[in-house]
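S.K.:
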Amino acid sequence: MENNEQKIENNSLCAKCGGLCCQKSGCGFIVSDIKSFKFADMKALLDEGNISIKAVFTPYRANKMTMVLKMRSVDKEVVDLFSASTACKLWTREKGCPLPLELRPSLGAGLIPDLQEECSRNLYDIEEVINDWEKHQDSLAKFVKIYTGKKARDVYEEQIEVTCYKVYKKFLKDRKSLTLGESEILKSIPCMETEFKDVILLGKYRAIKELNEEKI
2 MENNEQKIEN NSLCAKCGGL CCQKSGCGFI VSDIKSFKFA DMKALLDEGN
52 ISIKAVFTPY RANKMTMVLK MRSVDKEVVD LFSASTACKL WTREKGCPLP
102 LELRPSLGAG LIPDLQEECS RNLYDIEEVI NDWEKHQDSL AKFVKIYTGK
152 KARDVYEEQI EVTCYKVYKK FLKDRKSLTL GESEILKSIP CMETEFKDVI
202 LLGKYRAIKE LNEEKI
């Protein structure tokens with residue numbers, strides 16, 4: 002999928018909502034946003050510190066993990082396959098996004114401004130975007146191995162367990178304290194339980210165990 006310069010900017014609407022989309026997460030790249038997938042070029046891009054390898058879990062690929070590139074979120078690592086999302090690390094409340102429109106990832110710049118729908122629609126077909134990333138899974142898996150020393154699937158399961166543990170523990174202590182990203186994790190878990198039930202339960206039981214020990 003080519004980006005075809007499909008990018009939108011509406012500063013007045015963005016100012017009214019306060020950049021809610023940027024507060025939720027760093028935005029995603031489509032394949033044609035990336036100038037080169039050569040090893041050296043990709044390594045340099047990831048080493049800049051502004052981009053993460055992220056996994057998405059969608060019905061477009063029978064609920065299988067698909068790795069993509071996204072702008073890095075606050076306090077996240079280069080391999081951030083699964084976690085409660087936080088704001089884009091480049092975004093600030095005072096200045097918004099520092100990148101000019103033409104340099105922003107297409108899935109961010111392609112959001113259709115609409116306060117009533119919280120900019121939930123995009124110029125790009127998400128199913129096509131995910132399918133385009135499919136041919137780069139081996140390449141991204143190699144970088145996961147380089148940065149973590151582990152296979153992508155193993156990292157994904159570890160991060161699911163840790164995230165579920167943290168979110169469930171916080172939820173059980175004070176559900177009102179959950180962030181937007183943490184609330185989204187709770188909503189996403191049901192569709193993941195078929196394939197990742199064991200690691201989800203490990204995280205949940207670890208949270209319950211620690212909370213019970215704290216009461217003693």
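Under my numbering, the sequence shown has 185 at position 184, and the numbering climbs by one with no breaks. C-beta: ideal position from N, C-alpha, C; glycine also.
What three-state label does DSSP hand Thr-164 in the structure shown?
M.R.: Three-state DSSP puts Thr-164 in a helix.
S.K.: Per the contact definition of three or more C-beta pairs closer than 8 Å, is the stretch 127-145 in contact with the stretch 166-186?
M.R.: These segments do not touch.
S.K.: Does the distance from the CB of Ile-54 to the CB of Leu-100 come in under 9 Å?
M.R.: No; because the gap between Cβ atoms is not below 9 Å, this pair is not in contact.
S.K.: My parser needs the alpha helix (DSSP H) runs of 4 or more residues fully inside the stretch 60-88; what are they?
M.R.: Taking only runs of at least 4 residues, no alpha helix (DSSP H) segment lies wholly in the stretch 60-88.
S.K.: How would you label Asn-4, buried or exposed, when you count the other beta carbons within 10 angstroms and need 16 or more for buried?
M.R.: Any reading at Asn-4 is ruled out, since the residue's pLDDT is 49, under 50, leaving its predicted position unreliable.
S.K.: My understanding is that Gly-27 touches Met-68, with C-beta atoms under 8 Å, so please give their C-beta distance in whole angstroms.
M.R.: Contact flag wrong, Cβ pair sits at about 15 Å.
S.K.: Within the continuous alpha helix (DSSP H) that includes Pro-191, where are the two ends?
M.R.: Run containing Pro-191: 181-216, per the alpha helix (DSSP H) assignment.
S.K.: For Arg-94 and Lys-17, what's the separation of their Cα atoms in angstroms?
M.R.: About 12 Å.
S.K.: Does the Cβ of Ser-86 have 16 or more other Cβ atoms within 10 Å, making it buried, or fewer, making it exposed?
M.R.: Ser-86 comes out buried.
S.K.: Do the stretch 149-167 and the stretch 189-205 meet, that is, are 3 or more Cβ pairs less than 8 Å apart?
M.R.: Enough Cβ pairs lie closer than 8 Å, so yes.
S.K.: With DSSP run on the structure shown, which of helix, strand or coil describes Phe-222?
M.R.: The shown model of the chain, from 2 to 217, leaves out residue 222, and the question about it has no answer.
S.K.: Pull up the DSSP beta-bridge partners for Leu-112, would you.
M.R.: BP columns for Leu-112 point to Asn-123.
S.K.: Who are Phe-172's beta bridge partners in DSSP?
M.R.: Note: Phe-172 sits in no beta bridge, so no partner.
S.K.: Under three-state DSSP, which class holds Lys-39?
M.R.: Note: Lys-39 maps to coil in three-state DSSP.
S.K.: Report back the beta-carbon spacing between Gln-24 and Ala-88 to the nearest angstrom; my notes put them in contact at under 8 Å.
M.R.: Indeed they touch by this definition, with Cβ atoms about 5 Å apart.
S.K.: Whole angstroms is fine: what's the gap from Arg-122's alpha carbon to Cys-22's?
M.R.: Each residue's alpha carbon lies about 12 Å from the other.
S.K.: Could you give the C-beta distance for Val-75 and Tyr-148, rounded to a whole number, given that I count them as a contact under 8 Å?
M.R.: Not a contact, Cβ separation roughly 19 Å.
S.K.: Out of curiosity, what's the CA-to-CA distance linking Lys-146 and Arg-207?
M.R.: Answer to the nearest angstrom: the Cα atoms are 27 Å apart.
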